[in-house]
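In the numbering used here, the protein residues as written are 107 to 1019.
Just so you know, even glycine gets a beta-carbon here, dropped at the ideal spot from N, CA and C.
Since the structure is predicted, the reported quantities are computational estimates derived from the model, not experimental observations.
Read through the structure below, which is laid out as structure tokens, and then see the notes.
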């Protein structure tokens, strides 16, 4: 057991730190030209859901000379344990300290993760500031949407990749490792090397640029490059973002990482397009990711199906900033849904605009399972939607609601914002009115569709109300953010008037205010962030972790007023992010900003003026506002028209399994009983994690599993008694049903092929339908416990202590269940414990009752024997037992002394542990 494994039992979710996932890639660093740590400054569940991680992890590891490994921010409990144990932050793949990589690349998705970046650097023993680093430190690189306004964290990074990273980041890696050894020998070699990196399009090196205070607004502005060294040219200014012109040059990965534990977006996410030209004036992403670049329908369908084969997932999300605006969206969705239906896999849609929810959309997305739709009207009145350029109408919202609930969907979630420019109370009332409209229309649609009371769950309408933040490069970047008090009042107004039947999820206003400050701040905020970190700021985007008092003190300590950074500004103001060139001109943004105050809606560019569908009539022109990008509208038109025609002509994707016309009942399916192990690090996976892992392994092996019926079909499987977290098992049991008889000798190696190390199927045998389910088959378990040396090695002494426990008639333990303290007698659940010496280690065997009547934790038994919690003990469930008729390959408990009292709950007073 290594040092990290010893601290994992002490943290809340040890599965975050295990590694070894399906499709993870481990390479020998000694054979690599470059090693890269992909740092994500948030928890595993969020980072593993990120598309950028999946893209770059695959892209870099495809190279034979580069190893890319993942590092996530440790939750505060893990940070504490790492510090107490004196351990560095390590990668998941090889447990290499982050500070030993050549390059550390941080994905910057959210301003409220800034403090986590410092945590990760500190745990890796990497100096915070670039001027304190030498060639002994990794090159620290940042990228992602937050990197477009990077000044608050500029001092912590050696450089940033601004824009698409597929081309720029590999070029940066190659140039850095090529020149590093040579430049390490030069005076000012590190600075000179950074200057060479700055020549790569999209690379910004903050230390190469000078700053000065703008007297008009009081911001610290980047004014140009510093004086170059002799023989150098000044660094490029402004810094133009990197753009991948054709996504086909970088196919989306199909063999993506499959986590052991549940993550936020636990499914295949297929990027169908990048960029958005709908022109929402509050939206930063619509500017920094322009122009729209679409993947071909053929690539999307082929990659989606291959991803299901490689991962074992049974759900796919089509992902884009605006999925419904993909040029042949309805036809693509139909083809994808057809392809997935025979696999019992479902398709869902990310960021769907209201007009994309039609009868056809709801039918195609609901072929396998029906979950819910999420739509974002953003504003409650048509006037406000025109102000923010949100191209939807009340009619669109009503049609979408009716279509979804008429098709049998049960949930819809609405996203709105408060604090938008020119907002009035009428606009807040509009949010409430739209909720009432959706609730009314949903109930009407359900009623017409036979959804009488008592036969279905009630309509579920969710509402999320966030606070508007004027992000850099959005058309509203000059507008001031509402005060915290005003935003709280607006949130309260909506919350207290919400109609019954609508569930509100409101964003934490103090967090949003600090987010706004950090999003719009200048380089001086680096000291504020560092002060806050030193005084406990961690995971500031999590309400339970956010400490507003620390941030207030940090601003005061550095003599900065946070309101300076969220005030309204004239359009001619110099901004802390003006040195970054998104390729969209400021003149375009100013014009669009001024349109807002005339309530003027501007149709999306790269499309016709009418509707969201791509034009059938080639004489219909596409919209262009001359935003600064050099778009070839003729090429855009011809290419998308060609792809649409090819999609219409193409047959449905090949079907992987024979279609089942009628549902197959359990008694007609083929039942199989399997034994498997759970050894080593998988002991830190929960019972649900193991269930998901095995289900996906069976799907990867193309086992045609029987699925349950209903709105959300799941594999029909059963497991033996759940194993507690942190305990190994030499023999666990699972049963499943197959639609076809299996050649188990052929299937077994396929199932085992990509399972995590330590989980292996030992056998797979047909199981009679008349046999009892695993949920009731076993009633005893035999555990072993290997004691650490700290407990001593005197066998006779241990035998005396064990004998004393065996002789006791009652051992009471307290257990908190649903907030209530319950007292149970261990002797009702534990048989005769034995101790012996095996390979110089003391080894206890502990028979325990399992089942619905309750059980005993081996840790409690050990504490009762020795009078204290035994740290560092290794516990394993050796086998499950049955006292009745034996099932296939299941031993009985006859040869083991498992005498126990009948289990009862007790509230009696007595000796407790």
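Cβ neighbours of residue 846 within its own chain (closer than 8 Å, five residues either side excluded): 776 and 810. DSSP places residue 645 in the coil class of the three-state scheme, outside both helix and strand. A contact is defined here as three or more CB-CB pairs under 8 Å, and the segment 448-460 fails this definition with respect to the segment 390-407.
With respect to the C-alpha of residue 308, the residue from 436, 215, 348 and 505 having the closest C-alpha is 348. In this chain, the beta strand (DSSP E) harbouring residue 331 covers 326-331. Apart from the 5 residues on each side of it in sequence, residue 696 sits with its Cβ closer than 7 Å to the Cβ of 677 in its chain, given in chain order. Here the segment 591-605 makes no contact with the segment 502-517; the two share fewer than three CB pairs at distances below 8 Å. In the three-state DSSP reduction, residue 480 falls in the strand class (E or B). The alpha-carbon separation between residue 859 and residue 633 amounts to approximately 50 Å. Taken atom to atom, the span from the alpha-carbon of residue 659 to that of residue 623 is near 15 Å. Here residue 265 is bridged, per DSSP, to 247. DSSP, read as helix, strand or coil, puts residue 633 in helix. Assigned with DSSP and collapsed to three states, residue 657 falls in helix. The segment 783-792 makes contact with the segment 820-839, as at least three CB pairs between them are under 8 Å. Listed as beta-bridge partners of residue 943 by DSSP are 948. When C-alpha distances from residue 964 are compared across 953, 805, 383 and 359, the shortest belongs to 953. A check of alpha carbon separations from residue 970 across 684, 926, 929 and 917 identifies 917 as the nearest. According to the DSSP assignment, residue 926 belongs to the beta strand (DSSP E) that extends over 926-931.
For secondary structure counted as the beta strand (DSSP E) over 3 or more consecutive residues, the segment 540-594 holds these complete runs in sequence order: 566-573. Within its own chain, the residues whose Cβ lies closer than 6 Å to the Cβ of residue 113, once the five positions on either side in sequence are excluded, are 187 and 191, listed in chain order.
Residue burial is scored here from C-beta neighbours: residue 705 has fewer than 16 other C-beta atoms within 10 angstroms and is therefore classed as exposed.
When DSSP states are grouped into helix, strand and coil, residue 639 belongs to the helix group. Residue state for residue 369 is assigned as coil, using DSSP reduced to three classes. Within its own chain, the residues whose Cβ lies closer than 7 Å to the Cβ of residue 457, once the five positions on either side in sequence are excluded, are 426, 427, 428 and 429, listed in chain order. CA-to-CA, the gap between residue 822 and residue 842 works out to about 6 Å. Taken through DSSP and simplified to helix, strand or coil, residue 596 comes out as helix. The Cβ atoms of residue 269 and residue 213 do not sit closer than 8 Å to each other.
Secondary structure of residue 134 (DSSP, three-state): coil. The straight-line gap separating the alpha-carbon atoms of residue 652 and residue 620 is approximately 10 Å.
CA-to-CA, the gap between residue 485 and residue 472 works out to about 28 Å. For residue 980, the secondary structure class from DSSP, reduced to helix, strand or coil, is strand. Remark: fewer than three beta-carbon pairs, one from each stretch, lie closer than 8 Å, so the segment 255-265 and the segment 584-601 are not flagged as touching. The Cβ atoms of residue 433 and residue 748 do not sit closer than 8 Å to each other.
In this structure, the straight-line span from the alpha carbon of residue 119 to that of residue 125 is close to 13 Å. Secondary-structure assignment with DSSP links residue 375 through a beta bridge to 423. If you draw a 10 Å sphere on the C-beta of residue 772, you find fewer than 16 other C-beta atoms in it, and that means exposed.
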